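Participant: The sequence shown maps to residues 1 to 270 in UniProt numbering. Provided herewith is a single structure, encoded as structure tokens, for subsequent inquiry.
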Amino acid sequence: MGLWRCFNMENVYRFFRRVSFSYKMSSVLNDWRAFFTIDLLIPLMQMMCYSLVGYYVYGAENIEKWVISNAIVTSAFTAIYRVGLQLARERASGTLSLMLATKTSISEILISSAISTMLLSFVSVVFGVSVLSLLLGLAWNGQKILEFVFILILAIFVATCFGFFISCLILLTTEIHLVTNTIDKVLLIFTGANFPVSNFPYLVEQFCYTLPLTRSILLAQKLIGGESVISNIYLIRGELVLAFVFLILGIVLLKNMEKAAIKGSKLDLL
């Protein structure tokens with residue numbers, strides 16, 4: 001019993017060591033200038049651009065809604081370009097075959113890395129919203145701040161699960177930038193961050209709800225409009241279901257790709 005407990009604890013420690021290593025690889029501990037310009041300034045500029053567009057299109061009274069919406073969709077871009085491209089980077093650097101040769105599942109390594117991405121995404125989005133609030137003179141009360149933090153955590157989790165699934169699909173193609181840029185623009189257009197989903201035709205609207213973040217953005221907009229979390233619990237439930245669907249599909253797809261790569265002696269999964 002004692003040995004089994006020690007074995008389980010060692011697995012837990014190993015998991016968090018992977019999280020720590022992944023964080024150090026892309027954090028201020030590595031290069032604070034790159035962290036500031038890439039992880040903080042780029043999301044801030046993106047949020048500022050689309051928020052100002054919303055400001056001039058929809059008016060100053062709705063600026064809070066578009067700031068939060070673009071903050072949420074920005075978290076998805078972090079997930080796509082960090083989690084989604086991780087396996088492609090491993091393949092390009094030649095370490096993917098080494099990962100396949102170890103006993104550790106690639107999905108375990110990818111999930112532990114995704115946690116550090118979630119932390120970085122949270123920091124960058126909070127920084128962007130804080131700066132935008134100061135520049136635009138937005139005032140947030142305590143309840144709105146708590147609601148925003150909750151929605152942001154939910155959105156980052158969903159976006160990270162989506163990035164995990166995308167990372168597996170990217171290994172099946174050589175057109176990496178085409179795939180990521182297409183997904184980037186699809187999320188920007190069809191999640192409701194800058195254009196109301198309800199204004200789309202019915203079939204397009206249903207497609208929007210198959211994407212991550214659509215429900216998170218709608219929930220954020222409703223809460224800013226004065227509605228309660230309880231009356232919109234179905235949006236949270238739907239977003240969590242979608243997140244676990246992406247996560248399970250990603251794990252199953254990656255497991256099958258690992259088996260096929262080992263069986264076919266294609267250690268780079270291509």
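Here a beta-carbon is modelled for each residue, glycine too, at the ideal position from N, C-alpha and C. Quantities reported herein were computed from a predicted structural model and do not represent experimental measurements.
#1: Mind pulling the alpha helix (DSSP H) runs of 4 or more residues that sit fully within the segment 110 to 173?
#2: Which of the three DSSP states is assigned to Glu-108 in this structure?
#3: Taking a contact to mean a Cβ-Cβ separation below 7 Å, would you say Thr-160 touches Ala-92 in this structure?
#4: Figure out for me which residue from Trp-32, Val-67 and Phe-36 has the closest Cα to the Cα of Met-48.
#5: Quick check: the Cα distance between Leu-171 and Met-257, rounded to an integer number of angstroms?
#6: Check for me: the alpha helix (DSSP H) holding Asp-184 runs from which residue to which?
#7: Quick one: grab the DSSP three-state call for Leu-213.
#8: Please report how far the alpha carbon of Ile-224 lies from the alpha carbon of Leu-242, in whole angstroms.
#9: Measuring only the C-alpha atoms, how far is Arg-237 from Ile-151?
#10: Going straight from the alpha carbon of Ala-220 to that of Gln-86, what length do you get?
#11: Would you say the beta carbon of Phe-207 comes nearer than 6 Å to a heavy atom of the ligand COA?
#12: Could you tell me if Tyr-56 is buried or exposed, where buried requires 16 or more neighbouring beta carbons within 10 angstroms of its beta carbon?
#13: Kindly indicate the opening and closing residues of the alpha helix (DSSP H) around Ala-193.
#14: Tell me whether Gly-226 is buried or exposed, calling it buried when 16 or more other Cβ atoms sit within 10 Å of its Cβ.
#15: Note down the Cα distance separating Ile-145 from Ala-34, rounded to an integer number of angstroms.
#16: Do you know how far the Cα of Ala-260 is from the Cα of Ser-228?
#17: Where does Gly-226 sit, in a helix, a strand or coil, going by DSSP?
#18: When burial is assigned at 16 or more other CB atoms within 10 Å of the CB, is Ile-109 buried or exposed?
#19: Between Leu-254 and the rest of its own chain, which residues show a CB-CB distance below 7 Å, the 5 nearest in sequence each way excluded?
#20: What residues in its chain sit with their C-beta under 7 Å from that of Glu-239, if we drop five residues either side in the sequence?
#21: By the three-class DSSP mapping on this structure, what secondary structure does Pro-201 have?
#22: Using the three-state DSSP reduction, which class does Lys-263 fall into: helix, strand or coil?
#23: I want to know whether the segment 128 to 136 touches the segment 36 to 52 - three or more CB-CB distances under 8 Å.
#24: I'd like the list of long-range same chain contacts for Ser-198, defined as Cβ closer than 6 Å, with 5 residues on each side in sequence excluded.
#25: Measuring alpha carbon to alpha carbon, tell me which residue in Thr-210, Ser-75, Ile-111 and Leu-136 is nearest Val-149.
Facilitator: In this structure, then:
#1: Listed in chain order, they are 142 to 170.
#2: In this structure, Glu-108 counts as helix in the three-state DSSP scheme.
#3: Ala-92 is positioned such that its CB atom lies no closer than 7 Å to that of Thr-160.
#4: Residue Val-67 is the option with its Cα nearest to Met-48.
#5: Leu-171 and Met-257 have their alpha carbons spaced roughly 9 Å apart.
#6: 176 to 190 is the span of the alpha helix (DSSP H), which, as asked, contains Asp-184.
#7: In this structure, Leu-213 counts as coil in the three-state DSSP scheme.
#8: Going from the Cα of Ile-224 to the Cα of Leu-242 covers about 23 Å.
#9: Straight across, the Cα-Cα distance linking Arg-237 with Ile-151 is about 12 Å.
#10: Each residue's Cα considered, the two are about 29 Å apart.
#11: With respect to the ligand COA, the structure offers nothing, as it holds no ligand at all.
#12: Looking at its Cβ environment, which holds fewer than 16 other Cβ atoms inside 10 Å, Tyr-56 is exposed.
#13: Looking at the DSSP string, Ala-193 is not in any alpha helix (DSSP H), and its letter there is neither H nor E.
#14: Exposed is the call here.
#15: Near 28 Å, if we compare the C-alpha coordinates of Ala-34 and Ile-145.
#16: A direct Cα-to-Cα measurement between Ser-228 and Ala-260 gives close to 48 Å.
#17: Gly-226 falls in the coil class under three-state DSSP.
#18: With a 10 Å radius around the Cβ and a threshold of 16 neighbouring Cβ atoms, Ile-109 comes out buried.
#19: These residues qualify, in order along the chain: Ile-106, Ser-107 and Cys-168.
#20: Closer than 7 Å at the Cβ level, and outside the excluded window around Glu-239, lie Leu-154, Val-158, Arg-215 and Ser-216.
#21: Pro-201 falls in the coil class under three-state DSSP.
#22: Of the three classes helix, strand and coil, the one that applies to Lys-263 here is helix, per DSSP.
#23: Short answer: they touch.
#24: Nothing meets the Cβ criterion.
#25: The residue from Thr-210, Ser-75, Ile-111 and Leu-136 with its alpha-carbon nearest to that of Val-149 is Ser-75.
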